[in-house]
Amino acid sequence: MGPTASGKSDVGLEIAARSGGEIVSVDSMQVYRGMDIGTAKPSPTDRKRVPHHLIDIVDPAEAFSVAEFQEAGRRAITDIEGRGAAVVIVGGSGLHFRSLVDPLAFPPSDPEIRAELESLVPEDAVAMLVAADPGAGDVVDLANPRRVVRALEILRVTGRTPSERRREPDAADVREYRSRIPLTVVGLDPGAGLPHRIEGRFDHMLADGLFDEVRDLAPRLGVTASQAVGYKQLLPVVRGEQDLEKGRRHGIDATRALAGRQRTFFGRDPRVRWVEWHDEGAVRLERTLTLLEELGWTS
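Per our numbering, residue 21 is the first one in the sequence shown, and the count goes up by one each step.
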């Protein structure tokens with residue numbers, strides 16, 4: 021695991037190759053076909069060397085929820101284990117990672133109910149939720165309208181209040197980071213040079229044709245895919261609303277912000293053991309292998 025530009029993909033590839041394992045990608049945007057450069061998708065050569073899963077499984081016009089990702093990912097893990105191979109989960113999308121390894125549940129949605137609730141004044145939505153569940157404020161961020169609406173939607177669809185859901189055994193396991201499957205988690209620390217590397221990485225993507233990729237995909241990018249970091253910032257350039265340099269700068273800033281959120285997310289997970297950054301990829305790999313050996317990981 022680790023933030024973007026931390027070198028985790030290269031390390032994960034080597035671990036999988038050496039152990040005869042298969043990679044399950046936990047990247048929320050690599051699932052989309054055609055979004056190759058901007059998501060740093062593994063090359064065809066790498067995918068031939070080591071089987072990869074959860075890559076290129078959805079058209080970018082489609083929405084692909086975390087619940088759908090969870091179903092596909094758990095099925096892939098079961099299949100890999102059935103072949104007797106090691107499962108090597110690699111990526112930086114924390115929620116998608118936890119959806120595979122932890123007992124996360126995703127209550128159903130109802131578009132009509134959600135639309136109705138989204139039309140409410142935020143204060144009225146909060147009042148409605150608190151009336152149904154006086155303790156909701158201990159579970160839901162009442163200052164976040166999106167979370168309040170989602171809690172109300174779940175209440176309407178399932179009849180379960182936030183407080184009731186919090187008391188469920190699986191919810192306690194999620195809060196305590198108790199995995200549903202045995203696993204060893206290693207995080208790649210990106211080091212102090214991450215902001216500079218992110219800028220160079222984004223410029224490399226542009227040189228490889230990222231703008232052309234975004235331009236070609238623009239007509240069929242759905243609501244979710246159009247929010248991908250890099251794509252979202254270059255879409256205004258494609259539409260002629262700003263110049264490329266501004267889009268470039270916004271893309272770099274957005275990538276740095278994403279890396280910050282990823283560091284925070286994985287930093288809260290007590291299962292993650294961190295490998296100190298080194299500029300040499302071979303050293304990062306050796307440090308990771310050493311740590312895995314210390315933790316008793318075997319393929």
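All C-beta atoms, glycine included, are put in the ideal place defined by N, C-alpha and C.
Taking the beta carbon of residue i as the centre, do at least 16 other beta carbons fall within 10 Å, making it buried, or is it exposed?
i, result
"Ser48", "buried"
"Val206", "buried"
"Val160", "buried"
"Val70", "buried"
"Ala151", "exposed"
"Ala156", "buried"
"Ile201", "exposed"
"Arg187", "exposed"
"Arg118", "buried"
"Thr308", "buried"
"Arg268", "buried"
"Asp153", "buried"
"Ala279", "buried"
Which one or two residues does DSSP pair with residue i in a beta bridge?
i, result
"Gly111", "Val46"
"Val150", "Val150 pairs with nothing; no bridge assigned."
"Arg293", "Val206"
"Val78", "Tyr52"
"His72", "Ile43"
How about residue i and residue j: are their beta carbons less than 8 Å apart?
i, j, result
"Leu230", "Leu203", "no"
"Arg304", "Val31", "yes"
"Val177", "Ser113", "no"
"Asp130", "Tyr197", "no"
"Phe126", "Ala96", "no"
"Gly42", "Ile100", "The identity of residue 42 in the sequence shown is Glu, whereas the question assumes Gly. Cβ distance < 8 Å, so Glu42 and Ile100 count as in contact."
"Asp209", "Val110", "no"
"Gly54", "Leu237", "yes"
"Asp193", "Asp122", "yes"
"Ala25", "Leu315", "no"
"Glu233", "Ile35", "no"
"Arg235", "Pro23", "no"
"Leu120", "Arg94", "yes"
"Gly179", "Ala105", "no"
"Ala9", "Leu149", "This structure cannot speak to residue 9, because the chain is shown only from 21 to 319."
"Arg240", "Ala83", "no"
Note down the Cα distance separating residue i from residue j, rounded to an integer number of angstroms.
i, j, result
"Ser85", "Arg195", "21 Å"
"Gly211", "Thr65", "28 Å"
"Ala37", "Lys61", "17 Å"
"Thr244", "Gln50", "12 Å"
"Pro182", "Ile174", "9 Å"
"Leu74", "Val146", "37 Å"
"Val258", "Ala163", "35 Å"
"Phe285", "Gly242", "26 Å"
"Lys266", "Thr59", "20 Å"
"Asp76", "Leu312", "29 Å"
"Ser327", "Glu184", "Nothing about residue 327 can be read from this structure; the chain reaches only from 21 to 319."
"Gly27", "Ser139", "44 Å"
"His116", "Gln90", "7 Å"
"His72", "Leu264", "33 Å"
"Trp317", "His216", "33 Å"
"Val107", "Pro142", "44 Å"
"Ile218", "Thr98", "35 Å"
"Gly301", "Leu137", "50 Å"
"Val292", "Asp299", "21 Å"
"Glu261", "Tyr52", "25 Å"
"Ala92", "Arg167", "25 Å"
"Ser29", "Lys68", "15 Å"
"Val78", "Ser199", "27 Å"
"Pro165", "Thr310", "46 Å"
Below 7 Å, is the gap between the Cβ of residue i and the nearest heavy atom of the ligand MN?
i, result
"Arg268", "Looking for the ligand MN in the displayed structure turns up nothing, as the structure carries no ligands at all."
At least 3 beta-carbon pairs within less than 8 Å: the stretch 272-280 vs the stretch 247-261: Inter-segment contact for the stretch 272-280 and the stretch 247-261 is present: three or more beta-carbon pairs are separated by less than 8 Å.
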